[in-house]
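Engineer: Have a look at this one before I ask anything.
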Amino acid sequence: MATSHRILIFTNAGSIIMPELQTIIDREQAKRQLILNSLLTNVENFRSDATKAFSDYSLIERSTLENIEADDISSYSVLTAWEQELMPIQQSLSDTRSDDNFSIFLIKNLILNNDEIQPKINQIISKREIEVLHNFTNQIYPINEHDEYAEQRQQANILLSKPESDIIQIKNHQIDYILYAEIARLNNITVIDLHTSLFSRILGNLRLRSERKKTVKAENERLQFIKNRLEILSNMNGGLIVEIFEIKWDLITIFSLRNLYEKKINKLSVDDAKNAVKRLAIFDAETLKFRNEQIDKLSINSDQVSLEITRSMTTNIDNLLLRIFDLTNIQKNQLLLYSKEYRELRAEQTAIKNLQSERM
2 MATSHRILIF TNAGSIIMPE LQTIIDREQA KRQLILNSLL TNVENFRSDA
52 TKAFSDYSLI ERSTLENIEA DDISSYSVLT AWEQELMPIQ QSLSDTRSDD
102 NFSIFLIKNL ILNNDEIQPK INQIISKREI EVLHNFTNQI YPINEHDEYA
152 EQRQQANILL SKPESDIIQI KNHQIDYILY AEIARLNNIT VIDLHTSLFS
202 RILGNLRLRS ERKKTVKAEN ERLQFIKNRL EILSNMNGGL IVEIFEIKWD
252 LITIFSLRNL YEKKINKLSV DDAKNAVKRL AIFDAETLKF RNEQIDKLSI
302 NSDQVSLEIT RSMTTNIDNL LLRIFDLTNI QKNQLLLYSK EYRELRAEQT
352 AIKNLQSERM
(Lines of atoms letter the chains of each structure in order from A and count residues from 1; the text may use other names and numbers.)
(Lines give C-alpha, C1' and ligand atoms only; values in the text may rest on other atoms or scores of the structure.)
Protein backbone atom coordinates (compact mmCIF):
# COMPACT_ATOMS: atom_id res chain seq x y z
CA MET A 1 0.00 0.00 0.00
CA ALA A 2 1.41 3.40 -0.97
CA THR A 3 2.12 5.81 1.88
CA SER A 4 3.87 8.80 0.30
CA HIS A 5 1.46 11.15 -1.49
CA ARG A 6 0.16 14.65 -1.55
CA ILE A 7 -1.07 15.89 1.79
CA LEU A 8 -4.55 17.34 1.66
CA ILE A 9 -5.06 20.60 3.53
CA PHE A 10 -8.13 22.80 3.55
CA THR A 11 -8.20 26.55 4.06
CA ASN A 12 -10.95 28.26 6.02
CA ALA A 13 -12.44 29.25 2.72
CA GLY A 14 -12.84 25.59 1.84
CA SER A 15 -10.39 25.42 -1.04
CA ILE A 16 -7.96 22.52 -1.10
CA ILE A 17 -4.19 22.91 -1.05
CA MET A 18 -1.81 20.04 -1.86
CA PRO A 19 1.64 21.66 -1.68
CA GLU A 20 4.02 18.98 -0.44
CA LEU A 21 5.06 15.38 -0.31
CA GLN A 22 4.71 13.96 3.15
CA THR A 23 4.38 10.49 4.61
CA ILE A 24 2.39 8.94 7.41
CA ILE A 25 5.67 8.62 9.31
CA ASP A 26 6.15 12.40 9.35
CA ARG A 27 2.73 13.05 10.82
CA GLU A 28 2.72 10.33 13.46
CA GLN A 29 6.06 10.94 15.17
CA ALA A 30 4.74 10.60 18.74
CA LYS A 31 3.12 7.22 18.12
CA ARG A 32 6.13 6.07 16.11
CA GLN A 33 8.46 6.92 19.01
CA LEU A 34 6.30 4.95 21.46
CA ILE A 35 6.43 1.91 19.19
CA LEU A 36 10.19 2.28 18.71
CA ASN A 37 10.66 2.50 22.48
CA SER A 38 8.75 -0.76 22.91
CA LEU A 39 11.11 -2.42 20.43
CA LEU A 40 14.16 -1.17 22.31
CA THR A 41 12.68 -2.40 25.59
CA ASN A 42 11.54 -5.87 24.55
CA VAL A 43 11.71 -7.28 21.02
CA GLU A 44 9.24 -10.08 21.70
CA ASN A 45 6.66 -7.71 23.18
CA PHE A 46 7.11 -5.48 20.14
CA ARG A 47 6.64 -8.49 17.86
CA SER A 48 3.48 -9.49 19.71
CA ASP A 49 2.03 -5.96 19.52
CA ALA A 50 2.96 -5.75 15.84
CA THR A 51 1.26 -9.07 15.10
CA LYS A 52 -1.91 -7.77 16.76
CA ALA A 53 -1.74 -4.53 14.78
CA PHE A 54 -1.40 -6.53 11.55
CA SER A 55 -4.32 -8.73 12.57
CA ASP A 56 -6.54 -5.78 13.54
CA TYR A 57 -6.04 -4.21 10.12
CA SER A 58 -8.50 -6.50 8.36
CA LEU A 59 -8.54 -7.41 4.68
CA ILE A 60 -11.81 -5.51 4.31
CA GLU A 61 -10.27 -2.36 5.79
CA ARG A 62 -7.19 -2.70 3.58
CA SER A 63 -9.33 -3.15 0.48
CA THR A 64 -11.56 -0.22 1.46
CA LEU A 65 -8.61 2.14 1.77
CA GLU A 66 -6.91 0.86 -1.36
CA ASN A 67 -10.12 1.70 -3.26
CA ILE A 68 -9.84 5.41 -2.38
CA GLU A 69 -6.16 5.74 -3.28
CA ALA A 70 -4.75 7.28 -6.44
CA ASP A 71 -1.21 7.71 -7.67
CA ASP A 72 -0.89 11.08 -5.95
CA ILE A 73 -3.51 10.82 -3.19
CA SER A 74 -3.12 8.49 -0.21
CA SER A 75 -5.97 7.06 1.82
CA TYR A 76 -4.22 8.29 4.94
CA SER A 77 -4.27 11.86 3.61
CA VAL A 78 -7.97 11.55 2.81
CA LEU A 79 -8.80 10.29 6.30
CA THR A 80 -6.63 12.97 7.92
CA ALA A 81 -8.40 15.69 5.93
CA TRP A 82 -11.74 14.14 6.86
CA GLU A 83 -10.83 14.12 10.56
CA GLN A 84 -9.60 17.71 10.54
CA GLU A 85 -12.11 19.34 8.20
CA LEU A 86 -15.20 17.30 7.46
CA MET A 87 -15.81 15.51 10.74
CA PRO A 88 -16.37 18.74 12.74
CA ILE A 89 -18.92 19.87 10.13
CA GLN A 90 -20.67 16.50 10.26
CA GLN A 91 -20.77 16.67 14.05
CA SER A 92 -22.23 20.18 13.91
CA LEU A 93 -24.94 19.07 11.49
CA SER A 94 -25.73 16.07 13.67
CA ASP A 95 -26.08 18.31 16.74
CA THR A 96 -28.47 20.54 14.82
CA ARG A 97 -31.00 17.69 14.61
CA SER A 98 -31.74 18.13 18.32
CA ASP A 99 -31.16 21.90 18.56
CA ASP A 100 -34.29 23.43 20.17
CA ASN A 101 -33.46 26.93 18.92
CA PHE A 102 -33.24 25.66 15.37
CA SER A 103 -36.57 23.87 15.78
CA ILE A 104 -38.23 27.03 17.09
CA PHE A 105 -36.74 29.03 14.23
CA LEU A 106 -38.18 26.64 11.61
CA ILE A 107 -41.58 26.40 13.29
CA LYS A 108 -41.84 30.16 13.31
CA ASN A 109 -40.47 30.90 9.84
CA LEU A 110 -41.80 27.90 7.91
CA ILE A 111 -45.13 27.91 9.74
CA LEU A 112 -44.92 24.25 10.80
CA ASN A 113 -46.73 22.30 13.48
CA ASN A 114 -44.76 20.73 16.30
CA ASP A 115 -45.34 17.22 14.99
CA GLU A 116 -44.02 18.24 11.55
CA ILE A 117 -40.78 19.83 12.63
CA GLN A 118 -38.51 16.83 13.37
CA PRO A 119 -39.11 15.04 10.04
CA LYS A 120 -38.48 18.34 8.29
CA ILE A 121 -35.24 18.89 10.21
CA ASN A 122 -34.09 15.35 9.45
CA GLN A 123 -34.81 15.91 5.78
CA ILE A 124 -32.88 19.20 5.68
CA ILE A 125 -29.88 17.86 7.64
CA SER A 126 -29.67 14.62 5.66
CA LYS A 127 -29.65 16.52 2.38
CA ARG A 128 -27.02 18.94 3.68
CA GLU A 129 -24.83 16.10 4.97
CA ILE A 130 -24.77 14.58 1.48
CA GLU A 131 -23.96 17.95 -0.09
CA VAL A 132 -21.12 18.62 2.34
CA LEU A 133 -19.67 15.15 1.83
CA HIS A 134 -19.79 15.44 -1.97
CA ASN A 135 -18.23 18.91 -1.88
CA PHE A 136 -15.43 17.47 0.22
CA THR A 137 -14.71 14.50 -2.01
CA ASN A 138 -15.01 16.62 -5.15
CA GLN A 139 -12.17 18.79 -3.87
CA ILE A 140 -10.01 15.80 -3.04
CA TYR A 141 -10.80 14.05 -6.32
CA PRO A 142 -11.31 16.88 -8.84
CA ILE A 143 -13.66 16.21 -11.75
CA ASN A 144 -11.93 16.69 -15.08
CA GLU A 145 -12.57 15.77 -18.69
CA HIS A 146 -11.68 12.11 -18.24
CA ASP A 147 -12.79 12.00 -14.59
CA GLU A 148 -9.88 9.74 -13.68
CA TYR A 149 -10.86 9.83 -9.99
CA ALA A 150 -14.48 8.73 -10.47
CA GLU A 151 -14.05 5.31 -8.82
CA GLN A 152 -12.05 6.68 -5.87
CA ARG A 153 -14.57 9.47 -5.34
CA GLN A 154 -17.45 7.00 -5.28
CA GLN A 155 -15.68 4.71 -2.82
CA ALA A 156 -14.70 7.69 -0.62
CA ASN A 157 -18.34 8.81 -0.48
CA ILE A 158 -19.32 5.32 0.68
CA LEU A 159 -16.54 5.15 3.28
CA LEU A 160 -17.07 8.64 4.69
CA SER A 161 -20.80 8.03 5.03
CA LYS A 162 -20.07 5.40 7.69
CA PRO A 163 -20.36 6.20 11.41
CA GLU A 164 -17.57 8.40 12.71
CA SER A 165 -16.29 5.71 15.10
CA ASP A 166 -15.93 3.21 12.25
CA ILE A 167 -13.85 5.62 10.16
CA ILE A 168 -11.58 6.52 13.09
CA GLN A 169 -11.05 2.83 13.81
CA ILE A 170 -10.02 2.14 10.22
CA LYS A 171 -7.63 5.11 10.29
CA ASN A 172 -6.06 3.98 13.57
CA HIS A 173 -5.67 0.43 12.30
CA GLN A 174 -3.93 1.70 9.19
CA ILE A 175 -1.56 3.94 11.19
CA ASP A 176 -0.59 1.14 13.56
CA TYR A 177 -0.06 -1.29 10.70
CA ILE A 178 2.19 1.04 8.71
CA LEU A 179 4.22 2.23 11.70
CA TYR A 180 4.84 -1.27 13.05
CA ALA A 181 5.70 -2.53 9.55
CA GLU A 182 8.10 0.36 8.96
CA ILE A 183 9.92 -0.07 12.28
CA ALA A 184 10.09 -3.85 11.88
CA ARG A 185 11.55 -3.48 8.38
CA LEU A 186 14.17 -0.91 9.42
CA ASN A 187 15.29 -3.11 12.31
CA ASN A 188 15.14 -6.44 10.46
CA ILE A 189 12.45 -7.83 12.76
CA THR A 190 10.14 -10.46 11.27
CA VAL A 191 6.45 -10.06 12.10
CA ILE A 192 3.84 -12.52 10.86
CA ASP A 193 0.88 -10.96 9.06
CA LEU A 194 -1.99 -13.41 9.41
CA HIS A 195 -3.78 -11.79 6.48
CA THR A 196 -1.09 -12.74 3.98
CA SER A 197 -0.92 -16.00 2.02
CA LEU A 198 -0.09 -19.33 3.60
CA PHE A 199 3.22 -19.40 1.72
CA SER A 200 4.18 -15.96 3.05
CA ARG A 201 3.33 -17.03 6.59
CA ILE A 202 5.44 -20.20 6.27
CA LEU A 203 8.43 -18.17 5.05
CA GLY A 204 7.84 -15.68 7.84
CA ASN A 205 7.88 -18.40 10.49
CA LEU A 206 11.12 -19.80 9.08
CA ARG A 207 12.74 -16.36 9.23
CA LEU A 208 11.33 -15.86 12.72
CA ARG A 209 12.90 -19.06 14.04
CA SER A 210 16.23 -18.10 12.46
CA GLU A 211 16.09 -14.63 14.02
CA ARG A 212 15.35 -16.02 17.45
CA LYS A 213 18.27 -18.46 17.24
CA LYS A 214 20.58 -15.60 16.30
CA THR A 215 19.16 -13.49 19.12
CA VAL A 216 19.74 -16.21 21.73
CA LYS A 217 23.28 -16.77 20.44
CA ALA A 218 24.06 -13.05 20.57
CA GLU A 219 22.53 -12.76 24.06
CA ASN A 220 24.57 -15.70 25.37
CA GLU A 221 27.76 -14.25 23.90
CA ARG A 222 26.95 -10.91 25.48
CA LEU A 223 26.23 -12.55 28.85
CA GLN A 224 29.60 -14.29 28.74
CA PHE A 225 31.35 -11.02 27.95
CA ILE A 226 29.50 -9.31 30.82
CA LYS A 227 30.41 -12.11 33.21
CA ASN A 228 34.09 -11.86 32.31
CA ARG A 229 34.13 -8.08 32.57
CA LEU A 230 32.30 -8.10 35.92
CA GLU A 231 34.90 -10.49 37.33
CA ILE A 232 37.66 -8.07 36.35
CA LEU A 233 35.85 -5.07 37.83
CA SER A 234 35.00 -7.01 41.00
CA ASN A 235 38.67 -7.63 41.75
CA MET A 236 39.74 -4.00 41.45
CA ASN A 237 40.79 -2.25 44.69
CA GLY A 238 40.18 -5.38 46.71
CA GLY A 239 36.54 -5.73 45.68
CA LEU A 240 35.68 -2.13 46.56
CA ILE A 241 33.27 -1.70 43.63
CA VAL A 242 31.19 -4.73 44.65
CA GLU A 243 30.96 -3.61 48.27
CA ILE A 244 29.80 -0.14 47.25
CA PHE A 245 27.29 -1.62 44.81
CA GLU A 246 25.81 -4.02 47.36
CA ILE A 247 25.41 -1.36 50.02
CA LYS A 248 23.94 1.03 47.41
CA TRP A 249 26.11 4.01 48.19
CA ASP A 250 26.19 7.09 45.99
CA LEU A 251 29.84 7.75 45.21
CA ILE A 252 29.18 11.42 44.47
CA THR A 253 27.98 11.84 48.06
CA ILE A 254 31.02 10.00 49.41
CA PHE A 255 33.45 12.09 47.38
CA SER A 256 31.67 15.26 48.55
CA LEU A 257 32.40 14.18 52.13
CA ARG A 258 35.98 13.46 51.14
CA ASN A 259 36.32 16.96 49.65
CA LEU A 260 35.07 18.52 52.91
CA TYR A 261 37.53 16.37 54.83
CA GLU A 262 40.43 17.45 52.58
CA LYS A 263 39.50 21.14 52.95
CA LYS A 264 39.68 20.79 56.75
CA ILE A 265 43.02 18.98 56.50
CA ASN A 266 44.45 21.71 54.23
CA LYS A 267 43.64 24.31 56.88
CA LEU A 268 45.79 22.49 59.48
CA SER A 269 49.41 23.29 60.13
CA VAL A 270 51.99 21.02 58.53
CA ASP A 271 52.59 19.17 61.82
CA ASP A 272 48.88 18.74 62.60
CA ALA A 273 48.21 17.54 59.06
CA LYS A 274 50.73 14.76 59.64
CA ASN A 275 49.06 13.77 62.90
CA ALA A 276 46.96 10.65 62.22
CA VAL A 277 44.87 11.16 65.37
CA LYS A 278 43.84 14.66 64.34
CA ARG A 279 43.11 13.54 60.77
CA LEU A 280 40.98 10.71 62.08
CA ALA A 281 39.07 13.11 64.33
CA ILE A 282 38.23 15.29 61.32
CA PHE A 283 37.23 12.17 59.39
CA ASP A 284 34.85 11.14 62.20
CA ALA A 285 33.33 14.61 62.37
CA GLU A 286 32.75 14.96 58.63
CA THR A 287 31.27 11.46 58.20
CA LEU A 288 29.22 11.28 61.42
CA LYS A 289 25.89 12.29 59.86
CA PHE A 290 26.34 9.98 56.88
CA ARG A 291 27.40 7.08 59.14
CA ASN A 292 24.32 7.52 61.36
CA GLU A 293 22.03 7.63 58.32
CA GLN A 294 23.49 4.37 57.05
CA ILE A 295 23.08 2.66 60.43
CA ASP A 296 19.44 3.79 60.52
CA LYS A 297 18.86 2.29 57.07
CA LEU A 298 20.48 -1.01 58.04
CA SER A 299 18.44 -1.35 61.23
CA ILE A 300 15.13 0.11 60.00
CA ASN A 301 13.26 -3.22 60.10
CA SER A 302 14.51 -4.22 63.56
CA ASP A 303 12.71 -3.34 66.80
CA GLN A 304 15.98 -3.05 68.70
CA VAL A 305 19.58 -3.50 67.60
CA SER A 306 22.16 -4.51 70.18
CA LEU A 307 25.13 -2.32 70.94
CA GLU A 308 27.46 -5.04 69.68
CA ILE A 309 25.71 -5.20 66.29
CA THR A 310 25.57 -1.40 66.09
CA ARG A 311 29.31 -1.18 66.78
CA SER A 312 29.97 -3.82 64.13
CA MET A 313 27.91 -1.89 61.56
CA THR A 314 29.71 1.32 62.46
CA THR A 315 33.08 -0.37 62.06
CA ASN A 316 32.14 -1.80 58.67
CA ILE A 317 30.91 1.58 57.43
CA ASP A 318 34.04 3.34 58.71
CA ASN A 319 36.33 0.78 57.12
CA LEU A 320 34.64 1.16 53.74
CA LEU A 321 34.72 4.96 53.97
CA LEU A 322 38.38 4.95 54.97
CA ARG A 323 39.28 2.76 51.98
CA ILE A 324 37.55 5.27 49.68
CA PHE A 325 39.10 8.28 51.41
CA ASP A 326 42.60 6.77 51.09
CA LEU A 327 42.35 6.47 47.29
CA THR A 328 44.55 8.71 45.16
CA ASN A 329 42.84 11.14 42.78
CA ILE A 330 43.58 8.82 39.87
CA GLN A 331 42.12 5.86 41.76
CA LYS A 332 39.07 7.97 42.68
CA ASN A 333 38.36 8.84 39.07
CA GLN A 334 38.84 5.21 38.06
CA LEU A 335 36.44 4.11 40.78
CA LEU A 336 33.77 6.49 39.48
CA LEU A 337 34.24 5.28 35.94
CA TYR A 338 34.36 1.57 36.72
CA SER A 339 31.49 1.73 39.21
CA LYS A 340 29.28 3.23 36.52
CA GLU A 341 30.32 0.49 34.11
CA TYR A 342 29.69 -2.16 36.78
CA ARG A 343 26.16 -0.89 37.48
CA GLU A 344 25.30 -0.72 33.78
CA LEU A 345 26.63 -4.21 33.10
CA ARG A 346 24.72 -5.66 36.05
CA ALA A 347 21.52 -3.99 34.84
CA GLU A 348 22.08 -5.28 31.28
CA GLN A 349 22.82 -8.76 32.60
CA THR A 350 19.57 -8.79 34.58
CA ALA A 351 17.57 -7.47 31.63
CA ILE A 352 18.89 -10.16 29.26
CA LYS A 353 18.25 -12.94 31.76
CA ASN A 354 14.71 -11.66 32.34
CA LEU A 355 14.04 -11.63 28.61
CA GLN A 356 15.29 -15.17 28.29
CA SER A 357 13.13 -16.28 31.21
CA GLU A 358 10.05 -14.73 29.63
CA ARG A 359 10.66 -16.70 26.43
CA MET A 360 10.81 -20.04 28.26
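Note that the sequence shown covers residues 2 to 361 in our numbering.
We treat Cβ as the ideally placed atom computed from N, Cα and C, and that holds for glycine.
(1) If we count the other Cβ atoms within 10 Å of its Cβ and call it buried at 16 or more, is Ile69 buried or exposed?
(2) Tell me the DSSP secondary structure of Glu342 in three-state form.
(3) Between Tyr150 and Ser75, what straight-line distance do the alpha-carbon atoms span, to the nearest angstrom?
(4) What would DSSP say about Ile36, mapped onto helix, strand or coil?
(5) When the distance is taken between beta carbons, is Leu337 closer than 7 Å to Leu252?
(6) Pairs of beta-carbons, one from the segment 339-349 and one from the segment 321-329, closer than 8 Å: are there three or more?
(7) Take every Cβ of the segment 207-225, pair it with every Cβ of the segment 83-90, and state whether three or more of those distances are shorter than 8 Å.
(8) With 16 as the cutoff for other CB atoms within 10 Å, does Lys172 come out buried or exposed?
(9) Between the Cα of Thr191 and the Cα atoms of Gly205, Leu180 and Ser198, which residue gives the shortest distance?
(10) Nearest to Glu359 by alpha carbon, out of Glu45, Asn330 and Asn38?
(11) Could you give the DSSP three-state label for Ile74: helix, strand or coil?
(12) CB-CB under 6 Å to Arg292, same chain, minus the five flanking residues each way: which ones, in chain order?
(13) Would you please verify whether the beta carbon of Phe246 is less than 7 Å from any beta carbon of chain C?
(14) Do Asp177 and Ala54 count as a contact pair if the criterion is CB distance below 7 Å?
(15) If you pair each beta-carbon of the segment 76-83 with each one of the segment 218-229, do three or more pairs fall below 8 Å?
(16) Compare the beta carbon distance of Leu195 and Tyr343 with 7 Å and say whether it is the shorter of the two.
(17) Could you tell me whether the segment 114-131 touches the segment 58-72, using the rule of 3 or more Cβ pairs below 8 Å?
(18) Using alpha carbons as the reference points, say which of Asn38, Ile36, Ile141 and Asp50 lies closest to Asp72.
(19) Work out the CA separation of Leu356 and Asn43 for me, nearest whole Å.
(20) CB Val294 to CB Leu261, shorter than 7 Å?
(21) Could you give the C-beta distance for Asn189 and Gln332, rounded to a whole number, given that I count them as a contact under 8 Å?
(22) Compute the beta-carbon to beta-carbon distance between Lys32 and Leu180, rounded to the nearest angstrom, for a pair I have assumed lies under 8 Å.
(23) Based on Cα-Cα distance, which residue from Asn145, Leu134 and Asp272 lies nearest to Asn158?
(24) Return the chain-ordered list of same chain residues with a C-beta closer than 8 Å to the C-beta of Lys341, the five sequence neighbours on each side being excluded.
(25) How would you call Ala277, buried or exposed, if buried means at least 16 neighbouring beta carbons within 10 angstroms?
(26) What separation, rounded to the nearest whole angstrom, lies between the Cα atoms of Lys382 and Gln335?
(27) Leaving out the 5 sequence neighbours to the left and right, which residues in its chain are closer than 8 Å to Leu94 when beta-carbon positions are compared?
(28) Check for me: the alpha helix (DSSP H) holding Asn267 runs from which residue to which?
(29) Report the residue from Ile25, Gln124, Glu345 and Arg280 whose alpha carbon sits nearest the alpha carbon of Val243.
Structural biologist: The answer reads as follows:
(1) Your numbering for residue 69 matches position 68 in the sequence shown. Label assigned to Ile69: buried.
(2) Position 341 of the sequence shown, counted from the start, is the residue given in the question as residue 342. Three-state result, Glu342: helix.
(3) Counting from one through the sequence shown, the residue named residue 150 turns up at place 149. Counting from one through the sequence shown, the residue named residue 75 turns up at place 74. Computed Cα separation, rounded: 13 Å.
(4) As a working mapping, residue 36 is identified with position 35 in the sequence shown. Here Ile36 sits in helix by DSSP.
(5) The residue you call residue 252 lines up with position 251 of the sequence shown. The residue you call residue 337 lines up with position 336 of the sequence shown. Taking 7 Å as the Cβ cut-off, Leu252 and Leu337 qualify as a contacting pair.
(6) Result no; under three Cβ-Cβ pairs closer than 8 Å.
(7) Too few Cβ pairs lie closer than 8 Å, so no.
(8) Translated into the one-based positions of the sequence shown, residue 172 becomes position 171. Counting Cβ neighbours within 10 Å, Lys172 comes out buried, since at least 16 surround it.
(9) Stepping through the sequence shown from its first residue, residue 191 is reached at position 190. That would be Gly205, whose Cα lies nearest to the Cα of Thr191.
(10) As a position in the sequence shown, residue 359 is number 358, starting the count at 1. Of Glu45, Asn330 and Asn38, the residue nearest in Cα terms is Glu45.
(11) Taking the first residue of the sequence shown as 1, we reach residue 74 at position 73. The DSSP-derived three-state label of Ile74 is strand.
(12) Translated into the one-based positions of the sequence shown, residue 292 becomes position 291. Cβ neighbours of Arg292 beyond the five flanking positions: Ile318.
(13) Protein chains in the displayed structure number just one, and chain C is not present.
(14) The residue labelled residue 54 in the question sits at position 53 within the sequence shown. The residue labelled residue 177 in the question sits at position 176 within the sequence shown. Their beta carbons are under 7 Å apart, which means Ala54 touches Asp177 by this criterion.
(15) The segment 76-83, when compared against the segment 218-229, does not touch it at the 8 Å Cβ threshold.
(16) In the sequence shown, the residue the question calls residue 195 occupies position 194. In the sequence shown, the residue the question calls residue 343 occupies position 342. Not in contact: Leu195 and Tyr343 (Cβ atoms no closer than 7 Å).
(17) Contact between the segment 114-131 and the segment 58-72 is absent: fewer than 3 CB-CB pairs across the two stretches fall below 8 Å.
(18) For the purposes of this step, residue 72 is taken as the residue at position 71 of the sequence shown. Nearest option by C-alpha distance: Ile141.
(19) Locating residue 43 in the sequence shown gives position 42, where the first residue counts as 1. Locating residue 356 in the sequence shown gives position 355, where the first residue counts as 1. Between the alpha carbons of Asn43 and Leu356 lies a distance of about 7 Å.
(20) Taking the sequence shown and counting its residues from 1, the one referred to as residue 294 is at position 293. Taking the sequence shown and counting its residues from 1, the one referred to as residue 261 is at position 260. Per the sequence shown, the amino acid found at residue 294 is Glu instead of Val. Taking the C-beta atoms as reference points, Leu261 is found no nearer than 7 Å to Glu294.
(21) For the purposes of this step, residue 189 is identified with residue 188 of the sequence shown, where counting begins at 1. For the purposes of this step, residue 332 is identified with residue 331 of the sequence shown, where counting begins at 1. 44 Å between Cβ atoms; not a contact.
(22) Residue numbering aside, residue 32 sits at position 31 when the sequence shown is read from its first letter. Residue numbering aside, residue 180 sits at position 179 when the sequence shown is read from its first letter. That pair is a contact at about 6 Å.
(23) Locating residue 158 in the sequence shown gives position 157, counting from the first residue. Of the listed residues, the one whose Cα sits closest to Asn158 is Leu134.
(24) Translated into positions along the sequence shown, residue 341 becomes position 340. So the list is empty, once near-sequence residues are dropped.
(25) Within the sequence shown, the letter at position 276 stands for residue 277. Here Ala277 is exposed. Its C-beta has fewer than 16 other C-beta atoms within 10 Å.
(26) The requested residue 382 is not part of the displayed model; the chain covers only 2 to 361.
(27) The count along the sequence shown starts at 1 and reaches residue 94 at position 93. Ile126, Arg129, Glu130 and Val133, listed in sequence order.
(28) As a working mapping, residue 267 is identified with position 266 in the sequence shown. Start and end: Leu252 to Asn267.
(29) Within the sequence shown, the letter at position 242 stands for residue 243. For Val243, the closest alpha carbon among the candidates Ile25, Gln124, Glu345 and Arg280 is that of Glu345.
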